[in-house]
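The next block holds one structure in the form of structure tokens; read it before the comments.
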Amino acid sequence: MNKPPTLTRAALLVTVPALLAAGCTGSPTDGTDTGRDTGAPVLTGALESFDDCDTALTELRAATTAHLPALYPDDVMVPFGAQEDAGGDAADTAKAAAPGDGEDFSGTNVQEQGVDEPDLVKTDGRRIVTYRDGVLYVADAAARAVTGSLRLSDDSWGTADLLLHGDRVLVVVPEAPHITLREDTETGETAYGTTLLLVDIAGEPTLVNRFEFDGSYLDARSIDGVARVVVRSAPDIPLEAYGSVDRAAAVERAEISAWLPDYSVDGRTGEIACDALARPSHYSGTSMLTVLTFDLADSLDDGSPVTVAADGQTVYGAADALYIANDRRMFATTDWARPAEAETELYRFDLSGAGHPAYTGSGVVPGFLLNQYSMSQWDGHLRVATTRWDPDSLGSSAVYVLDLEGDLDRVGEVTGLGPGEQIYAVRFSGGTGYVVTFRQVDPLYILDLRNPAAPEATGELKITGYSAYLHPLSDDRLLGIGQEADLDGVTTGTQISLFDVGDPTAPTRLDQLHLPDTYSTAETDPHAFLWWPPESLLAIPVQDYQGSPGAALLVEVSGDTLTRLAEVTHPQSDDWTGVERTLVIGDTLWTVSATGLQASDLHDHTVLEWLPLTA
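With mature numbering (1 follows the signal peptide of the UniProt record, and there is no 0) applied, the sequence shown covers -21 to -1, 1 to 594.
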């Protein structure tokens, strides 16, 4: 699809929260009916409808123009392309619905039980599915053999996010939006930002169909085979030249279609229809968030899109709701464009009914989030942990409790956590919260959140280093994965900590493993973490600072002690062979890297089979 250079998301990120609910979609260009109910979604927030498309266009233009002077003065070039953030839980390990007599197996490490999260590898206990460089591979766990592969692209797409349900695999390829400019800068080519491919693996892998959306992929969740995919998009406003341009005039020339994301189903194109637009009384139209819904047992259709006129970076999924958080301060491009007080906007979509998600309200909390684990829904409330930080003053962190009735209004808070520090890890477990802050030492705070109107910090433990990922093992045991550090706060290598949190007023560390000069991707990607309760087995990837491929570190957690068992490596090659994921199926330990799958004995760790990934 050829388009002129555009005013992109990077130029339009600081927004006043706004709602643009778009459940209707434009008809595909060939007039084919998708068979999906495309009526407007249920919207329970306070909304106002635009009188018509002309009114919508006028207000969208005005709102977009209002942000241009602050973000892009005349001497600042317009950046083309999108700024991407690193996304990134887990007393639970999700299991996909097994289609047959699979053995006991570990699934993806997820934040909430029953809410599956996409990852680079999936298993149902019988099959292991992964995607590398444009090819989807399926391995039979019992036969220890790759039984099928399907090339989905001639290009090297690297990795993709996968969701598995029954015999269907949803492949989410997060292609970042990009514009290739000609030398005269009059035109360029914009690629679809997100590609979804549905594959049937009942036999030889077969492509069911393909969906493309003009926006960048944020995250996805799946509950009982219904996937919700979140993407964000920016106004597509043609510019006459790169850099210096009358941007206000460009906005005034833009038509309503510039704000309406495009999509494609098997090559049949469509866009969000303007007659479905609505807004709250306080309105600003810039970037947009879209929640797409797909039944993985069916084929991909238009996704019944529900779109919010706002930006967002972090997605949290509960059993009956989806939350999207927008940290405006994190994406402001200059100090003078940042709000004096950093705030995070929160949007809630109810998933309890059939069909479209229902937008139920929004809220704002001071500070910025660390990741999805900074949010947790429990007992009619949302708990949110944030850090308020300013380079000219000491910051601190807090946990806010928001009521789910109506808008997300704050009803309680615990403030003053870690003065001068920022949050490095958060975990909520029932009515208890765990927060790690760090600058030179690591305070682990325990919070009592059972009374939403009066939450309180009950205990604190200070140790060197920090935990970046926390995993509750039981009511009185907590694992932490992070870095050890000296007294000046300089990190020295991976550390695994076992905490006793049985007394919430006096947490203690029972044991520690320190691996000097190493790090683990489990610190920032909880999907790399495996906890297998039947064997009290912990597995995480580790790599040294010198850049060696690394291994899967196996640790036994028994009573009050951590015991280092083994390190599992993959055969060396010219390609990167570092272990990225670890799975358990029956008595077999499976490790996954970019080059292949390896089966090892769960108990003595001897290698049973090596399966190279070669199409």
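We put the CB at the ideal spot given by N, CA and C, even for glycine.
query: Environment of H582 [buried if 16+ CB atoms lie within 10 Å]; result: exposed
query: C-beta atoms of P483 and I425 nearer than 9 Å; result: yes
query: Which of helix, strand or coil DSSP assigns to A61; result: Note that A61 scores 32 on pLDDT, short of 50, meaning its location in the model is unreliable; the coordinates nonetheless yield the value given after this. Three-state DSSP puts A61 in coil, outside helix and strand.
query: Whole-angstrom distance between D329 and V393, CA atom to CA atom; result: 27 Å
query: C-alpha gap between L186 and L176, whole angstroms; result: 7 Å
query: Given 8 Å, three or more beta-carbon pairs between the segment 358 to 365 and the segment 402 to 414; result: yes
query: G296 to G438 span [Cα, whole Å]; result: 28 Å
query: Secondary structure, beta strand (DSSP E): runs of 3+ residues fully inside the segment 384 to 468; result: 388 to 396, 401 to 408, 411 to 417, 420 to 427, 435 to 443, 445 to 451 and 456 to 464
query: Any 3 or more C-beta pairs closer than 8 Å across the segment 122 to 131 and the segment 88 to 101; result: no
query: Those residues which DSSP pairs with D198 across a bridge; result: V209
query: Local Cβ density within 10 Å of M(-21), reported as buried at 16 or more and exposed below that; result: Residue confidence is low: M(-21) scores 36 on pLDDT, short of 50, so the model does not pin down where it sits. Its coordinate-derived value is still stated next. Classification of M(-21): exposed, given that the 10 Å Cβ count is below 16.
query: Extent of the continuous alpha helix (DSSP H) run through A485; result: Careful: A485 lies outside any alpha helix (DSSP H) and carries neither H nor E.
query: Environment of V94 [buried if 16+ CB atoms lie within 10 Å]; result: buried
query: Y445 versus I402, A199 and P495, residue with shortest Cα-Cα distance; result: I402
query: Local Cβ density within 10 Å of W555, reported as buried at 16 or more and exposed below that; result: exposed
query: Backbone secondary structure at Q351 - three-state DSSP; result: helix
query: Residues that H493 bridges to, as DSSP identifies them; result: Q474
query: CA-to-CA distance, T293 to E588, given in whole angstroms; result: 38 Å
query: Same chain only: Cβ atoms within 7 Å of I564, ignoring 5 sequence neighbours per side; result: E82, F84, T102, G104 and A120
query: V94 - containing alpha helix (DSSP H), residue span; result: Per DSSP, V94 belongs to no alpha helix (DSSP H) and is neither H nor E.
query: Three-state secondary structure (DSSP) of E535; result: strand
query: For S499, the residue or residues it bridges with in DSSP; result: S499 is not bridged to any residue.
query: Identity of the residues DSSP links to D140 by a beta bridge; result: V151
query: H582 (DSSP reduced to helix, strand or coil); result: coil
query: H549 in three-state terms, based on DSSP; result: coil
query: Backbone secondary structure at V125 - three-state DSSP; result: strand
query: Three-way DSSP call (helix, strand, coil) for L39 in this model; result: helix
query: Closer than 9 Å to chain B by CB, E191; result: Judged by its chain identifiers, the structure shown contains no chain B, having just a single protein chain.
query: Span separating the alpha-carbon of T23 from that of A304; result: Per-residue confidence for T23 stands at a pLDDT of 44, beneath the threshold of 50, marking its modelled position as unreliable; the derived number appears in the next sentence. Taking the straight line from one Cα to the other gives about 19 Å.
query: Residues sharing a beta bridge with A377, DSSP; result: T365
query: Host alpha helix (DSSP H) of V230 (start-end); result: R226 to R232
query: Check whether G127 and E183 have beta carbons under 9 Å apart; result: yes
query: T164 in three-state terms, based on DSSP; result: In this prediction, T164 has a pLDDT of 31, which is less than 50 and means its spatial position is unreliable; nothing more can be read from the coordinates.
query: Alpha carbon of R488 to alpha carbon of E546, nearest angstrom; result: 24 Å
query: N188 versus S278: straight-line alpha-carbon distance, rounded; result: 7 Å
query: Contact the segment 385 to 392 vs the segment 453 to 464: 3+ CB pairs below 8 Å; result: no
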